[in-house]
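K.L.:
Residue numbers for the sequence shown follow numbering that gives the first Met the number 0, so the first one is 0 and each next one is one higher.
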Amino acid sequence: MKCIAPGATVGVLGSGQLGRMFAIAARRMGYRVHTYSPETDTPTGQVADVEITAPYSDLDRVREFARNVAVVTFEFENVPGEAAEAAAEYAHVRPAGSVLHTTQNRAREKSYLQAAGLPVTPFTPVETLEEVREAVAKHGCPCVLKIAGFGYDGKGQMQIPTPEHADAAWDAIGRNPAVLETYVDFECELSVVAARGLNREFANYHPGRNEHCRHILDVTVAPAGIPRRVATDAIDITRSVLEKLDVVGVLCVEFFLTRDHRLLINELAPRPHNSGHFTFDACITSQFEQQLRAVCGLPLGSTEQLRPAAMANLLGDLWSEGEPDWAAACAFRDVKLHLYGKTEPRPSRKMGHLTALGTDAEQIVRRARNALRRRSSS
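#1: How about the stretch 190-209 and the stretch 292-299: do they share at least three Cβ pairs that are nearer than 8 angstroms?
#2: Need the endpoints of the alpha helix (DSSP H) that Gly224 sits in, please.
#3: Going by DSSP, what residue range makes up the beta strand (DSSP E) through Arg381?
#4: Can you list, in chain order, the stretches of the beta strand (DSSP E) that have 3 or more residues and sit fully within the stretch 31-100?
#5: If we count the other Cβ atoms within 10 Å of its Cβ and call it buried at 16 or more, is Pro42 buried or exposed?
#6: Since His352 sits in a beta bridge, which residues does DSSP pair it with?
#7: Excluding five sequence neighbours on each side, which residues of the same chain lie with their C-beta closer than 7 angstroms to the C-beta of Arg216?
#8: Take the Cβ of Ile283 as the centre, count every other Cβ of all protein chains shown within 10 Å, and call the residue buried at 16 or more, exposed below.
#9: Going by DSSP, which residues form a beta bridge with Ala193?
#10: Give me, in chain order, the residues of the same chain whose beta-carbon lies closer than 6 angstroms to that of Pro323; leave out the 5 immediate sequence neighbours on both sides.
#11: Would you report the Cα separation of Gly15 and Tyr55, rounded to the nearest angstrom?
#12: With a 10 Å radius around its C-beta and 16 neighbouring C-beta atoms as the bar for buried, classify Cys251 as buried or exposed.
#13: Beta-carbon within less than 8 angstroms of Leu58's beta-carbon, same chain only, minus the 5 sequence neighbours each way: which residues are those?
#14: Going along the chain, which unbroken runs of the beta strand (DSSP E) with 3 or more residues stay wholly within the stretch 93-177?
#15: Looking at C-beta atoms only, is the number of pairs between the stretch 120-139 and the stretch 168-181 that lie closer than 8 angstroms three or more?
#16: Would Ala24 and Leu291 qualify as a contact pair, given that the criterion is a beta-carbon distance under 8 angstroms?
#17: Do you know whose CA, among Val192, Met157, Val247 and Glu108, lies nearest Thr237's CA?
#18: Pull up the CB-CB distance for Ala47 and His33, whole angstroms please, since I reckon it's below 8 angstroms.
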């Protein structure tokens, strides 16, 4: 299979921080990058060679975009399927639009995984209030109602503590198609970021242990500090997911680890993932370079992790009292600062992250983030 060599142009549908870090990795390896999204002056656009601003529904503009690149990839999964199909008329699209179609809807994704014999949280698709009530009776309480499409970072999710809360939860998610899931009393949440190449080569990173705050990823620690058997099982399940979906690119599998050490797939992300940001600083090949290698048909790089690492998100809440104290965070010698170029900090908006390296990485990254809140005297 012929690879797309450095010097070629790679197209990215989407323009957030994942595309930004992908573009940095691509340009370092000699590729040009074009990005397409409805917004301008975006995190990806600030470092790309060309930023196209147009709606995903403008399929003629999508086709024009694809004509000028050798391969198209995604930086988030909520790109309409029609846009992926239009791009595929003129360029390779990796992962394929079929992967996008399956993973951008919870009901389709969970049904696919269940049919493939992979372990998922018990669920029932629901489209009416009556179906919600029936599913609550089936699964018991507490349970969780999650919107089927276009949900992320906890958006469109409501816990149902008792059957009497079912109607209010249905109203809260806008009465949209959803899945009703059994509540899992888990020990921790894990994720595995992995890549699969054009020649079916597979590579994975250490499982990361994830902590969330307000349904948004707060801190990831890698390696996760879990039993070897659990880590091996998580990697094996992840490989099965990539192979069954025939993924070419990077995909993250998020897991619940139950208290009796069973793994249940929570959801998939067919692109680099927030929990894999530690790879940018801690691994020989980052998840973003790995995405580039995979979609361009190059051999996958080593995923060896050079030092233990922890990543902490920086949300817009940090700006509530003014500019954070960057010097205080950077005073930690084993901490790396990543800011995404977003001009408007808003509560819960991901503005950047910190990565700490070393045996005490989790403690260090938390201390460094806390230091941002202390205003300098100048």
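Cβ atoms here follow ideal geometry from the backbone N, Cα and C, with glycine treated the same way.
Here the structure is a predicted model, which means the values were calculated and not measured.
P.N.:
In terms of the structure at hand:
#1: With a cut-off of 8 angstroms, the stretch 292-299 and the stretch 190-209 count as touching, because enough Cβ pairs lie within range.
#2: DSSP places Gly224 in no alpha helix (DSSP H); its state is neither H nor E.
#3: It is not possible to answer for residue 381, since the shown part of the chain is limited to 0 through 377.
#4: Segments of the beta strand (DSSP E) lying fully in the stretch 31-100: 31-36, 49-52 and 70-73.
#5: Within 10 angstroms of the beta-carbon of Pro42 lie 16 or more other beta-carbons, which makes it buried.
#6: In DSSP, His352 forms a bridge with Asn312 and His337.
#7: Going by the sequence as given, residue 216 is Leu instead of Arg. Cβ within range, chain order: Asn209, Asn273, Ser274 and Asn312.
#8: Burial check for Ile283: the Cβ neighbour count within 10 Å stays below 16, so the residue is exposed.
#9: Among the bridge pairs identified by DSSP, Ala193 is matched with Asn203 and Leu250.
#10: Counting only Cβ-Cβ distances below 6 angstroms, and skipping sequence neighbours, we find Leu317 and Leu371.
#11: Computed Cα separation, rounded: 15 angstroms.
#12: That one is buried.
#13: Sequence-distant Cβ neighbours of Leu58 in its own chain, meaning closer than 8 angstroms and more than five residues away, are Glu81, Ala82 and Ala85.
#14: For the stretch 93-177, whole beta strand (DSSP E) runs of length 3 or above, ordered along the chain, are 122-125, 142-146 and 156-159.
#15: When Cβ pairs closer than 8 angstroms are counted between the two stretches, the stretch 120-139 is seen to touch the stretch 168-181, the count reaching three or more.
#16: Yes, these two residues count as a Cβ contact at 8 angstroms.
#17: The candidate whose alpha carbon is nearest that of Thr237 is Val192.
#18: With 8 angstroms as the limit, Ala47 and His33 qualify as a contact, their Cβ atoms being about 6 angstroms apart.
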